[in-house]
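Chains as they are written, first to last, in this note's numbering: chain A, 1 to 133; chain B, 1001 to 1133.
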């Protein structure tokens, strides 16, 4: 498959105690529970060199999102004036890709434990990238 | 469209003097030229509140990427041992989403000028998110 095809293929799923939308923090970096990223066995070579302690950005697909929303009250608070979704971290946006900066705690074959992941159980994982300082 | 559909819809395109793959820096944060993000008129409401000076993360679709690649020599240097693509910023990866941290320089309707964007001319834009400190 080349990059000319804009269809995402999940490379794994989140295993997390967060199971309801209301449990999820409204923004990244407010903390979340430890969670497992369970990767498809076919892509395990892509994890080679991933080590505990690494800081990484996990990209997820926010599959409960409403992709038709262009403006929101930030943080779901109606006293906040409406803003364009591209100026917020709302999950509702045209391409609902989540960014989560986490630390790798453990690597066990195709299973990777990470800290502080504010993503719901079952969320598709799209990509992992190293944090560049 | 709901988040259950994993097809990306570009919300705009990059206009940049970078036109060849060889011109593009190998990683983010090594600098790049100023560039324009030209958004689809239908999503201009999603930009409401975006102001010059804002630091944002632009998400792009690296449409020249090879999505079948799982391991690479980092930075295209064959003296670097092969590693899994998920431990690198290689464009070649299963879901070639680019992350670019830039500063907004100007907003003119559906056109947004940003600093230091290491993305090729014509690259599809998927999303823009505020940087959270």
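Note that CB positions come from ideal geometry on N, CA and C, so glycine has one too. Note that the structure is predicted; figures quoted are calculated from it, not measured.
Taking the Cβ atom as the reference point for each residue, do residue 119 of chain A and residue 2 of chain A lie within a distance shorter than 8 angstroms?
no
What residues from the region 1099-1113 of chain B come within 8 angstroms of chain A, judged by C-beta to C-beta, listed N to C?
1099
With distances taken from CA atoms, which of A:57, A:89, A:47 and A:68 is nearest residue 133 of chain A?
A:57
Excluding the five sequence neighbours on either side, which residues of its own chain have a C-beta within less than 7 angstroms of the C-beta of residue 1092 of chain B, listed in chain order?
1065, 1066, 1069, 1072 and 1085
Can a CB atom of chain A be found closer than 8 angstroms to the CB of residue 1078 of chain B?
no
So, is the C-beta of residue 1052 of chain B closer than 8 angstroms to a C-beta in chain A?
no
Rounded C-beta distance between residue 1011 of chain B and residue 94 of chain A? I'm assuming under 8 angstroms.
5 angstroms
Residue 1031 of chain B: buried (16+ other C-beta within 10 angstroms of its C-beta) or exposed?
exposed
Ordered list of beta strand (DSSP E) runs contained in the region 6-82 of chain A, each at least 3 residues
12-15, 35-39 and 55-61
Compute the distance between the beta-carbons of residue 1059 of chain B and residue 1005 of chain B, then report whether it is under 8 angstroms.
no
Beta carbon proximity, residue 1014 of chain B to chain A, threshold 8 angstroms
no
Which residues, in order along the region 1062-1077 of chain B, keep a beta-carbon less than 8 angstroms from a beta-carbon of chain A?
1062, 1063, 1064, 1065, 1066, 1067, 1068, 1070 and 1071
Would residue 1007 of chain B and residue 49 of chain A qualify as a contact pair, given that the criterion is a beta-carbon distance under 8 angstroms?
no
Quick check on residue 1124 of chain B: buried or exposed, where buried means 16 or more other Cβ atoms within 10 Å of its Cβ?
buried
Assuming residue 54 of chain A and residue 130 of chain A make a contact with CB atoms under 8 angstroms, what is their CB distance in whole Å?
7 angstroms
Taking DSSP as the reference, what is the three-state secondary structure of residue 114 of chain A?
strand
Where do the ends of the beta strand (DSSP E) carrying residue 127 of chain A lie?
124-130
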